[in-house]
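Novice: Numbering (the working numbering), first residue to last: 121 to 482. Glycine is no exception: its CB is placed at the ideal position from the N, C-alpha and C atoms. Attaching a single structure in structure tokens format; questions to follow.
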Ligand SMILES: [Fe+2]
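So, in structure tokens, the structure goes:
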């Protein structure tokens, strides 16, 4: 399937461009180099010299310009060549493409589609990564699988009981698919898959968060926002207490296709409790790294199997596939609209509100 081009994708964390750093990354198959200039502006240029295709990121930064490592051509903020050593005439074709890049919610966002459609107000509202009422634990995984396999994985949380037993999964009679999921289409590009697990043993990660070893109530809502952002909204609280006091997290999975077969996975686990507890921030980072490492292994194998034996997956749909399949259809419909009208843009909705969900298990 094709990518949705007219959309903002996460390109990195905002602080990655601090200290005059030059960051090279591939998005939607296009190599890009990003930097912050001395006046604070940020730019993303195609990471390829128009002369002999050297990556500009392999050269050096000279002030606010990038110098090619091969023949010393220099390129300024807008991508226009400012210097071609040995000649005064600079060919008009000697420029590199400039991609819209903005900062919001502590992140860098890039637009790989038609630049004239790149309105900053279309950046998805993922306020929880950078909000005083929430404390994030952040990280990055490079996933050796297509972004769609990652979205499938995040919209189907039933796999936790097998992939994540050491962290967030439950086993025996409490395997997660035993608890029904309610899938709700919330808008053109927004889907919720909500599940409640009353009176369960606390998996290790949640026992750590709650500092509680007894039975807990747990909810999880897998939120999918086209084209490739997911969020796991989860809440846990000891049985007998009120859900209004739940330890709640908005786990942001910010997926950006790198190539057809690889994905940038920026993540931020924002929590609503123990906000200033730095040791907890680090502990969550460590536990989530382990959890997402577990996913990355499965996704890499699945990608390889599809390449060897053919896709698409699932070959046989189970109940747990309802949300992933709906998320794929949602994105396919948007990609179709874009293919029929190159000026089509869709407006991402707020993924979830922060009120306590109405829980059937209460
Ligand atoms: Fe997982």
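Assuming residue 289 and residue 323 make a contact with CB atoms under 8 angstroms, what is their CB distance in whole Å?
Specialist: Contact flag correct, Cβ pair sits at about 6 angstroms.
Novice: Can you list the alpha helix (DSSP H) stretches of 4 or more residues lying completely in the segment 344-412, in chain order?
Specialist: The qualifying runs do not exist here; there are none.
Novice: Taking 8 angstroms as the threshold (C-beta atoms), are residue 249 and residue 390 in contact?
Specialist: Yes.
Novice: Assign residue 429 to one of two classes, buried (16 or more other C-beta atoms within 10 Å of its C-beta) or exposed (fewer than that).
Specialist: By the 10 Å Cβ count, residue 429 comes out exposed.
Novice: Mind checking who residue 111 pairs with in its DSSP beta bridge?
Specialist: The requested residue 111 does not occur in the structure, where the chain is confined to residues 121 to 482.
Novice: Residue 355: buried (16+ other C-beta within 10 angstroms of its C-beta) or exposed?
Specialist: So residue 355 counts as buried.
Novice: Whose C-alpha, out of 311, 338, 340, is nearest the C-alpha of residue 445?
Specialist: Minimum Cα distance to residue 445 is reached at 311.
Novice: Between residue 227 and residue 133, which are expected to be in contact by the criterion C-beta below 8 angstroms, what is the C-beta distance as a whole number of angstroms?
Specialist: Rounded, the Cβ-Cβ distance is 6 angstroms, consistent with contact.
Novice: Pick helix, strand or coil for residue 234, following the three-state DSSP scheme.
Specialist: If DSSP states are grouped into helix, strand and coil, residue 234 belongs with coil.
Novice: Per DSSP, what are the beta-bridge partners of residue 313 in this structure?
Specialist: Residue 313 pairs with 303, 342.
Novice: To the nearest angstrom, report how far apart residue 168 and residue 188 are at their CA atoms.
Specialist: Spanning the two alpha carbons is a distance of roughly 9 angstroms.
Novice: Counting pairs of Cβ atoms below 8 angstroms between the segment 412-421 and the segment 258-269, do you hit three or more?
Specialist: Yes, the segment 412-421 is in contact with the segment 258-269.
Novice: Could you give the distance in angstroms between the alpha-carbon of residue 301 and the alpha-carbon of residue 237?
Specialist: When rounded, the distance between both Cα atoms is 37 angstroms.
Novice: Express the C-alpha separation of residue 455 and residue 333 in angstroms, rounding to a whole number.
Specialist: Taking the straight line joining both Cα atoms gives about 46 angstroms.
Novice: Figure out for me which residue from 206, 307, 382 has the closest Cα to the Cα of residue 427.
Specialist: Ranking 206, 307, 382 by Cα distance to residue 427 puts 382 first.
Novice: Please classify residue 266: is it buried, with 16 or more other beta-carbons within 10 angstroms of its beta-carbon, or exposed?
Specialist: Answer is buried; the Cβ neighbour count reaches 16.
Novice: Taking 6 angstroms as the limit between beta carbons, can you name the residues of its chain near residue 245, skipping five residues before and five after?
Specialist: Excluding sequence neighbours, residue 245 sits near 470.
Novice: Tell me residue 187's beta-bridge partners as DSSP assigns them.
Specialist: DSSP lists 180, 194 as partners of residue 187.
Novice: Just to confirm, does residue 298 get its C-beta within under 7 angstroms of one of the non-hydrogen atoms of ligand 1?
Specialist: Flag unset: Cβ of residue 298 not near ligand 1.
Novice: Taking the alpha helix (DSSP H) that residue 155 falls in, what are its first and last residues?
Specialist: It is not in any alpha helix (DSSP H) - residue 155 instead sits in the beta strand (DSSP E) that spans 150-156.
Novice: Short of 7 angstroms in beta carbon distance, which residues of its chain neighbour residue 393, apart from the five on each side in sequence? Order them along the chain.
Specialist: If we look at residue 393 and ignore the five residues flanking it on each side, its Cβ neighbours are 367.
Novice: Once you ignore the five residues that flank residue 108 on each side, which residues in its own chain have a CB closer than 8 angstroms to its CB?
Specialist: Outside the displayed span of the chain (121 to 482) sits residue 108, for which this structure offers no information.
Novice: My assumption, with CB atoms under 8 angstroms, is that residue 219 sits in contact with residue 164. Please give the rounded CB distance.
Specialist: Yes, they are in contact, since the Cβ atoms of residue 219 and residue 164 sit about 4 angstroms apart, within 8 angstroms.
Novice: Given this structure, state the Cα-to-Cα distance separating residue 448 from residue 315, to the nearest angstrom.
Specialist: In a straight line, the C-alpha of residue 448 is about 20 angstroms away from that of residue 315.
Novice: Any idea if residue 193 is buried or exposed, counting beta-carbon neighbours within 10 angstroms, 16 or more meaning buried?
Specialist: Answer is buried; the Cβ neighbour count reaches 16.
Novice: Considering only the alpha carbon of each residue, which of 440, 407, 210, 201 lies closest to residue 217?
Specialist: Here the closest residue by C-alpha is 201.
Novice: Any contact between the segment 145-161 and the segment 175-186? By contact I mean 3 or more CB pairs, one from each, below 8 angstroms.
Specialist: Cβ pair count under 8 angstroms is three or more, so yes.
Novice: Using a Cβ-Cβ cutoff of less than 7 angstroms, which residues in the same chain neighbour residue 458 once the five nearest sequence positions on both sides are dropped?
Specialist: Excluding sequence neighbours, residue 458 sits near 124, 125, 126, 464.
Novice: Indicate the three-state DSSP secondary structure (helix, strand or coil) for residue 458 in the structure shown.
Specialist: It is helical.
Novice: Alpha carbons only, please: which of 142, 432, 411 is nearest the one belonging to residue 286?
Specialist: Of the listed residues, the one whose Cα sits closest to residue 286 is 411.
Novice: Would you mind sorting residue 481 into buried or exposed? The rule is 16 or more other CB atoms within 10 Å of its CB.
Specialist: It is exposed - the Cβ of residue 481 has fewer than 16 other Cβ atoms within 10 Å.
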